[in-house]
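Taking the numbering used here, the leading residue of the sequence shown gets 2, the next gets one more, and so forth. Quick notes on the structure that follows.
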Amino acid sequence: MMTPRENLLRLLRRETPAWIPIVAHVDPYNQPNRSGMDPALAAKLGEVRWGDEATVTFSRYFGLDIMDFCMPPLVTTQRAVTVETAHHDGRLITRWRTRNGELREVKRYAPDTGMWYTEEHMVKDADDLPRLAELFADQEYAYNPDGVAMLRARQALIGDDGLLQFALPGTPLGQMIRVHAGVETTALLWADARAELHALFAVMEEAHVRQFALTAALEFADCLLTMDDTSTTAISPAMFAEFCLGYTDRLADVVHAAGKFYFHHSCGLIRDLLPLYRQTKMDAVHAYTCRPLGDVTIADRTRLGPRISIIAGMIQMFGNMDDRGAVAESVAQMFAEAAPGDQVIFSLAADPEKTMDETAFLVACCQGCRRQAAK
């Protein structure tokens, strides 16, 4: 009998799986509502933290396949660049002192959400680009022995029930928008400092290659994931073509050389990016977001060609589920469009706004459609 792990690997190798995989995802943002939860499950989940066993626990409770979402067990150190942090008035101020000058970032803590927000990005203008390049060139990466041991134990815990996927830094362009500079500053640099951006991104790519190579060498790392996660509202197809096509392929080469799979996380409005993804060596589009949250359908996966799989979110978790008949119908439509099932993994991310009864109903709809498709 085929195991869930082998079934997932068959699909990613572009072979015909025995069933359409249904996986779950839990993290501090995507976690189940405790209302009506089985006390034993609630006790085992505890307070969900990044990198814990919540996804494995949740998946096993509902009888789903497992694709655990992990961070690489790497430690980053700066050789010459100094880093200083200070807390002031609910803000975290970080300074990086380079030979070319200082970078400064300010984050603000919001007690109502329990999250940190960027108030001041580290990159303000083109003068900061060589400073950021120096920061990345100065970094060294090494395995964290405790992290390696923990993830080796996680692999043993999962066994033949699934895979481990590792989230690494996003593309240099995506990181500039999401982390280092923000949308407005990146747009200005795109217009006025294009050559300087290319020079910075080359240095960032070299640093990313080192991180990917170390992670891909780990025996328990099945899939490595990078991201843009900004959709076409911030990254136009022209920007992706210029800055990300070559980068994506070079990272995929590193991952494939180690016998692993390369995922590209890009949720949101990505329909116009699919023809560009098709040109790359990526193995799967992760968090493929269907309408109405995104602008694609499961059927649109044909725009990726026959080689690239999709890991598609069950969007019903993020909409109104009062009309159970409509929910069941929309799930059935997604599975019908996924036929013959050799290119699609369905992913159910927990939602704190949904009751356990609603979650269980959606899981049952998915499992029912999967059984029907197998007939």
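Built from N, CA and C at the ideal position, the CB exists for glycine as well.
Cutoff 8 Å; reference residue i; Cβ partners in own chain excluding five residues on either side
i, result
"Asp250", "Thr281 and Lys282"
"Leu130", "Val124, Leu190, Ala194, Glu197, Leu198, Ala200 and Leu201"
"Arg92", "Val107, Lys108, Arg109, Tyr110 and Glu120"
"His257", "Tyr263 and Lys282"
"Arg61", "Ile67 and Asp162"
"Glu103", "Arg96, Trp97 and Arg132"
"Pro29", "Val49, Arg50 and Trp51"
Given residue i as reference, the closest of the options once Cα atoms are compared
i, options, result
"Pro74", "Gly175, Leu169 and Glu359", "Leu169"
"Arg148", "Tyr30, Ala222 and Arg304", "The amino acid occupying residue 148 in the given sequence is Gly; Arg does not appear at that position. It is Ala222."
"Met318", "Thr356, Ser237 and His287", "Thr356"
"Leu277", "Asp69, Gln166, Thr303 and Gly295", "Thr303"
"Lys108", "Thr119, Leu12 and Asp254", "Thr119"
"Asp399", "Pro22, Met240, Ala188 and Gly326", "This structure leaves residue 399 out entirely; the chain is present only between 2 and 376."
"Arg132", "Tyr144, Arg96, Leu174 and Ala41", "Arg96"
"Asp254", "Arg292, Phe213 and Met228", "Phe213"
"Leu174", "Gly47, Cys71 and Met240", "Met240"
"Gly306", "Gln373, Arg6 and Leu274", "Leu274"
"Val24", "Ala258, Ala361, Ile346 and Phe362", "Ile346"
"Leu270", "Ala288, Phe59, Lys45 and Phe336", "Ala288"
"Pro112", "Phe244, Asp90 and Leu104", "Asp90"
"Gly369", "Met228, Phe336, Val256 and Thr186", "Phe336"
"Thr233", "Ser267, Asp343, Gly64 and Ile316", "Ser267"
"Val180", "Ala87, Leu363 and Met228", "Met228"
"Pro22", "Gly37, Glu354, Pro40 and Gly342", "Gly342"
"Leu363", "Thr58, Glu48 and Gly64", "Gly64"
"Met151", "Thr58, Ala192, Gly115 and Glu54", "Glu54"
"Asn101", "Thr78, Arg325 and Leu136", "Leu136"
"Arg6", "Ser331, Leu158, Leu252 and Cys245", "Leu158"
"Leu215", "Gly37, Phe59 and Ala259", "Ala259"
Contact check, residue i vs residue j, beta carbons under 7 Å
i, j, result
"Thr4", "Val27", "no"
"Ala182", "His122", "yes"
"Ala333", "Lys261", "no"
"Leu226", "Phe264", "yes"
"Ile299", "Ala340", "no"
"Asp162", "Ile67", "yes"
"Ala279", "Val297", "What sits at residue 279 in the sequence shown is Arg, not Ala. Taking 7 Å as the Cβ cut-off, Arg279 and Val297 do not qualify as a contacting pair."
"Pro33", "Ala350", "no"
"Val210", "Ala134", "no"
"Cys224", "Gln166", "yes"
"Asp284", "Leu13", "yes"
"Ala43", "Arg50", "no"
"Ala81", "Asp139", "yes"
"Ala329", "Cys367", "no"
"Gly52", "Met72", "yes"
"Thr290", "Gly320", "no"
"Val184", "Ala235", "yes"
Residue environment, residue i, which counts as buried when at least 16 other CB atoms sit within 10 Å
i, result
"Glu141", "exposed"
"Thr231", "buried"
"Asp358", "exposed"
"Ser348", "buried"
"Ser310", "buried"
"Asn31", "buried"
"Val76", "exposed"
"Asp377", "This structure does not reach residue 377, given that the chain is present from 2 up to 376, and the question cannot be answered."
"Ala292", "According to the sequence displayed, residue 292 carries Arg and not Ala. Burial call: exposed."
"Met177", "buried"
"Pro353", "exposed"
"Thr360", "buried"
"Gln373", "exposed"
"Glu220", "exposed"
Residue(s) in a DSSP beta bridge with residue i
i, result
"Phe264", "Leu226 and Ala285"
"Cys71", "Phe167"
"Asp66", "Val24"
"Trp97", "Val84 and Leu104"
"His89", "Arg92"
"Glu141", "Thr78"
"Met116", "Ala111"
"Glu121", "Val107"
"Ser348", "Val24 and Gly314"
"Val297", "Cys291"
Same chain, Cβ closer than 7 Å to residue i, five either side skipped, listed in chain order
i, result
"Arg15", "Arg308"
"Thr83", "Arg98"
"Pro238", "Asp273, Leu274 and Leu277"
"Ala242", "Leu277"
Beta-carbon contacts of residue i that lie in its chain and below 6 Å, excluding the five residues immediately before and after
i, result
"Tyr248", "Thr172 and Glu206"
"Ala143", "Val76"
"Ile316", "Cys291 and Leu294"
"Arg105", "Arg96"
"Thr86", "Thr95"
"Trp117", "Lys108 and Tyr110"
"Asn145", "Pro74 and Val76"
Cutoff 7 Å: residue i Cβ touching any chain D Cβ
i, result
"Glu220", "Here chain D cannot be found, since the structure has a single protein chain."
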